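In the order they appear, the protein sequences are chains Z and X. Each residue of the first sequence is one higher than the one before, counting from 1 in the UniProt record's numbering. Each residue of the second sequence is one higher than the one before, counting from 1 in the UniProt record's numbering. First the structure, in the form of structure tokens, and then the observations on it.
Protein chains: 2
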Amino acid sequence: MITVNVDLGERSYPIRIGADLIGRTDLFAPHIAGASVTIVTNETVEPLYGESLRNALAPLGKQVSTVVLPDGEAFKHWETLNCIFDALLSAQADRKTTLIALGGGVIGDMTGFAAACYMRGVPFIQVPTTLLSQVDSSVGGKTGINHPLGKNMIGAFYQPQAVVADIGALRTLPERELAAGIAEIIKTAAIADAAFFEWLEANMDALNRREPEALAHAVKRSCELKASVVAADEREGGLRAILNFGHTFGHAIEAGLGYGQWLHGEAVGCGMVMAADLSVRVGHLDEAVRKRLLAVIEAARLPTRAPALGEDRYIELMKVDKKAEAGAIRFVLLNQLGGTLITDVPEDALRATLTACL
Amino acid sequence: MITVNVDLGERSYPIRIGADLIGRTDLFAPHIAGASVTIVTNETVEPLYGESLRNALAPLGKQVSTVVLPDGEAFKHWETLNCIFDALLSAQADRKTTLIALGGGVIGDMTGFAAACYMRGVPFIQVPTTLLSQVDSSVGGKTGINHPLGKNMIGAFYQPQAVVADIGALRTLPERELAAGIAEIIKTAAIADAAFFEWLEANMDALNRREPEALAHAVKRSCELKASVVAADEREGGLRAILNFGHTFGHAIEAGLGYGQWLHGEAVGCGMVMAADLSVRVGHLDEAVRKRLLAVIEAARLPTRAPALGEDRYIELMKVDKKAEAGAIRFVLLNQLGGTLITDVPEDALRATLTACL
Chain Z
1 MITVNVDLGE
11 RSYPIRIGAD
21 LIGRTDLFAP
31 HIAGASVTIV
41 TNETVEPLYG
51 ESLRNALAPL
61 GKQVSTVVLP
71 DGEAFKHWET
81 LNCIFDALLS
91 AQADRKTTLI
101 ALGGGVIGDM
111 TGFAAACYMR
121 GVPFIQVPTT
131 LLSQVDSSVG
141 GKTGINHPLG
151 KNMIGAFYQP
161 QAVVADIGAL
171 RTLPERELAA
181 GIAEIIKTAA
191 IADAAFFEWL
201 EANMDALNRR
211 EPEALAHAVK
221 RSCELKASVV
231 AADEREGGLR
241 AILNFGHTFG
251 HAIEAGLGYG
261 QWLHGEAVGC
271 GMVMAADLSV
281 RVGHLDEAVR
291 KRLLAVIEAA
301 RLPTRAPALG
311 EDRYIELMKV
321 DKKAEAGAIR
331 FVLLNQLGGT
341 LITDVPEDAL
351 RATLTACL
Chain X
1 MITVNVDLGE
11 RSYPIRIGAD
21 LIGRTDLFAP
31 HIAGASVTIV
41 TNETVEPLYG
51 ESLRNALAPL
61 GKQVSTVVLP
71 DGEAFKHWET
81 LNCIFDALLS
91 AQADRKTTLI
101 ALGGGVIGDM
111 TGFAAACYMR
121 GVPFIQVPTT
131 LLSQVDSSVG
141 GKTGINHPLG
151 KNMIGAFYQP
161 QAVVADIGAL
171 RTLPERELAA
181 GIAEIIKTAA
191 IADAAFFEWL
201 EANMDALNRR
211 EPEALAHAVK
221 RSCELKASVV
231 AADEREGGLR
241 AILNFGHTFG
251 HAIEAGLGYG
261 QWLHGEAVGC
271 GMVMAADLSV
281 RVGHLDEAVR
291 KRLLAVIEAA
301 RLPTRAPALG
311 EDRYIELMKV
321 DKKAEAGAIR
331 FVLLNQLGGT
341 LITDVPEDAL
351 RATLTACL
């Protein structure tokens, strides 16, 4: 087992990474202070790992309840969140009740937001069971739900007590979701660590084959890199924005198609191709680097051509993105492997990128 | 104009108290950084003060929009909150948009929670127009909405940029709402400042007559006392719980009757009578002090007899209160004027208090 510490002062927490961690009582015991625990999971994950987690908690003598939500980004909205509040209130959960998010990014984001809001804040633990949530949504404290007019528009910054990232859970992950997780790993390498990017170029086959050592290293390095960015800028005042590389385009794809059509990681994969195209087009990035990024994204079996929503629709969608300010769209662009800049761009360059990538 | 500073490190903010402040551009100018402002108000307050506030903002050259919600505690729920999000997203509000809460406690709590959650946090300013919100909900950063199973169960701690408490707005306040505000003033005096309690005994007629000097002093002293408690315990880990004197009973009254039947301050007024009865019954408080508190509450024309919901129903409602822990009800009791203790109590004493007060 590897531990990555996320350093946020009194809100610091450990990420445990390794095989078959969900069943380990010792990883949960130090982080549950109250008398009760509510596990929040979904219909897909509950039959796979619910019992294992409850077995791990049993020796602690807590009152344990489980809320099972429908599976998918399409359910990441208020009505589903309210199912968590209903369950907590019906179980008379108090301010010391610990929530445990058992599932992917949607479960983590909603459970974290429920924990942030229930009685103005109760503790929670993340048990991410997808590669995407292990590398991305379990680091950084972003929680929230979608609104029909925009993704993650309603939420909070709220840190967990601990993250337990069980690499063993990735054995049951569907192919598309594995690729979606690799997309965020590629993103982190591209913006922050050229050496790690080269490691990915060399080891993409091992990741695709789900070799545990390769996955553990990729998760560890992604978490370390993201944790260092988040530690420097917990509430996204500046530096943290670089983590949105590929996301302005990606969010537009997700919102334009309707949430749940493309996986978040698939949209980010394609969004990085578009952001790299734009980076070259406005003169910040060498064409050779763009080609290497495209090749890695293709090797991860991610989509590289954006859905044909129409240029105007893309621009409209990007203007309501959270990163937009007074209607101006801000892009995270690459200037080298491991190097970024944040800027707006001439509309003709943006339209040229959309033409090239749709 | 008087200023009370709430000292919370980088989240510190000023409370401005005085007559006819809503129209003063200089009080808003320093606290609005972005290009747009959304005023959130209700159908009662908009015709009274909406134009005045928009006139104050006009010289700042911001894009100003207004959301008008239905009036009342009965609307303090998710559907109404979502009206704010809809309006913000439709207006393409960004992360620097400032929300201004123009109204009473319900508007302040919902607008603050919307500000806490919209894009994971945007700035907001409180313009409380009721006495209750001027002395209570505009100090301390508690925001949130109700759930059918409990009051303020979903929310956040989130501090405003500034509070503008216009004593002039109290001229149009209905009689019952004036009394409800005085209830929280009495509470603050009872738990924290015997001299201020004596001032209230001597000046209740002046407050009932809405004499501006008396109101301004009462608001100032209440805000100072509450601010010092909140500064010592922003997230309600300990000391801050004393502010809930009268609230465990009061919340049960509100929830039991259905939100909106009794005003929050009315329920707290009656809840203090019940908490004082319990304080005497378990041997912590002199009967003479209980009588003085009862007399002040009566002088403020507040209800002192609790609605007959039945003892068992009261106990059931109090067990889901946020202050309860693992099913045990914790009470804030008085041991003298300006002195409190927090404790659970024998069930027979609690039942005796309920019998005496219903």
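Every residue, glycine too, gets a C-beta built ideally from N, C-alpha and C. Nothing here was measured: the structure is a model prediction, and the numbers come from that model.
Exercise for the section: Compare the beta carbon distance of Gly140 (chain X) and Val230 (chain X) with 8 Å and say whether it is the shorter of the two. Expected result: yes
Practice task
Would you check if the segment 34–42 of chain Z and the segment 89–102 of chain Z touch, i.e. whether three or more CB-CB distances between them fall below 8 Å?
Solution key: yes
Practice task
Starting from His147 (chain Z), find everything on chain X with Cβ-Cβ shorter than 9 Å and list it in chain order.
Solution key: Asn82, Phe85, Asp86 and Leu89
Handout entry: Opening and closing residue of the alpha helix (DSSP H) in which Gly271 (chain Z) lies
Key = His264 to Arg281
Handout entry: Residue of X:Lys151, X:Pro160, X:Leu149 and X:Thr130 minimising C-alpha distance to Ala183 (chain X)
Key = X:Thr130
Exercise for the section: Look at the Cβ atom of Lys319 (chain X), then the Cβ atom of Gln63 (chain Z), and state whether they are nearer than 8 Å. Expected result: no
Handout entry: Neighbour list for Met153 (chain Z) in chain X, Cβ cutoff strictly below 8 Å
Key = Phe85, Leu89, Tyr118 and Met119
Handout entry: Beta carbon proximity, Phe157 (chain Z) to chain X, threshold 8 Å
Key = yes
Practice task
May I ask which residues mark the beginning and end of the beta strand (DSSP E) holding Ile84 (chain X)?
Solution key: From DSSP, Ile84 (chain X) is part of no beta strand (DSSP E) but of the alpha helix (DSSP H) over Trp78 to Ser90.
Handout entry: Neighbour-count burial assignment, Ala295 (chain Z), 16 or more Cβ in a 10 Å radius
Key = exposed
Problem - Ordered list of alpha helix (DSSP H) runs contained in the UniProt domain "3-dehydroquinate synthase N-terminal" (67–179) of chain Z, each at least 4 residues - result: 78–90 and 105–117
Practice task
Anything in chain X within Cβ reach of Gln92 (chain Z), meaning under 7 Å, just list it in chain order.
Solution key: Lys319, Val320 and Gly327
Problem - Reduced DSSP category for Gly50 (chain X) - H, G, I as helix; E, B as strand; rest coil - result: helix
Exercise for the section: Count the other CB atoms, across all protein chains shown, that sit within 10 Å of the CB of Thr248 (chain X); report buried if there are 16 or more and exposed otherwise. Expected result: buried
Handout entry: Touch test, the segment 334–346 of chain X against the segment 213–232 of chain X, Cβ-Cβ under 8 Å, three pairs minimum
Key = no
Handout entry: Closer than 8 Å to chain Z by CB, Trp262 (chain X)
Key = no
Exercise for the section: Taking only the alpha-carbon atoms, compute the straight-line gap between Arg313 (chain Z) and Glu177 (chain X) and give it to the nearest angstrom. Expected result: 49 Å
Practice task
For the alpha helix (DSSP H) holding Tyr314 (chain X), just list the boundary residues, first then last.
Solution key: Glu311 to Lys319
Exercise for the section: Could you tell me whether the Cβ of Gly140 (chain X) comes closer than 8 Å to any Cβ of chain Z? Expected result: no
Practice task
Have a look at X:Thr343, X:Ala227, X:Thr340 and X:Leu57 and flag the residue whose alpha-carbon is nearest the alpha-carbon of Thr3 (chain X).
Solution key: X:Ala227
Handout entry: Any C-beta of chain Z under 8 Å from that of Gly150 (chain X)
Key = yes
Exercise for the section: Work out the CA separation of Phe245 (chain Z) and Ile191 (chain Z) for me, nearest whole Å. Expected result: 7 Å
Problem - Cutoff 8 Å: Gly144 (chain X) Cβ touching any chain Z Cβ - result: yes
Problem - For Ile39 (chain Z), three-class secondary structure by DSSP - result: strand
Exercise for the section: Measure the C-alpha to C-alpha separation of Asp20 (chain Z) and Arg301 (chain Z) and round it to an integer number of angstroms. Expected result: 27 Å
Problem - Cα-Cα separation between Leu81 (chain Z) and Val280 (chain X), rounded to whole angstroms - result: 43 Å
Practice task
Using alpha carbons as the reference points, say which of X:Tyr49, X:Glu311 and X:Lys291 lies closest to Gly168 (chain X).
Solution key: X:Tyr49
Exercise for the section: Could you tell me whether any Cβ in chain Z is nearer than 8 Å to the Cβ of Trp78 (chain X)? Expected result: yes
Practice task
Just mark Pro47 (chain X) as buried or exposed, buried being the case when its beta carbon has 16 or more other beta carbons within 10 Å.
Solution key: exposed
Handout entry: Cα-Cα separation between Val163 (chain X) and Ile15 (chain X), rounded to whole angstroms
Key = 5 Å
Practice task
Compare the C-alpha of Leu88 (chain Z) against each of Z:Gly108, Z:Ala206, Z:Ala195 and Z:Ser65 and name the closest.
Solution key: Z:Ser65
Practice task
Report the three-state DSSP secondary structure of Pro307 (chain X) (helix, strand or coil).
Solution key: coil
Exercise for the section: Could you give the DSSP three-state label for Val229 (chain X): helix, strand or coil? Expected result: helix
Exercise for the section: Mark Asp166 (chain Z) as exposed unless 16 or more other C-beta atoms lie within 10 angstroms of its C-beta, in which case mark it buried. Expected result: buried
Problem - Coarse secondary structure for Ala19 (chain X), derived from DSSP in three states - result: coil
Problem - Residues of its chain near Met274 (chain Z), where Cβ-Cβ distance is below 8 Å and the 5 sequence neighbours each way are ignored - result: Gly246, Phe249, Ala306, Thr353, Leu354 and Cys357
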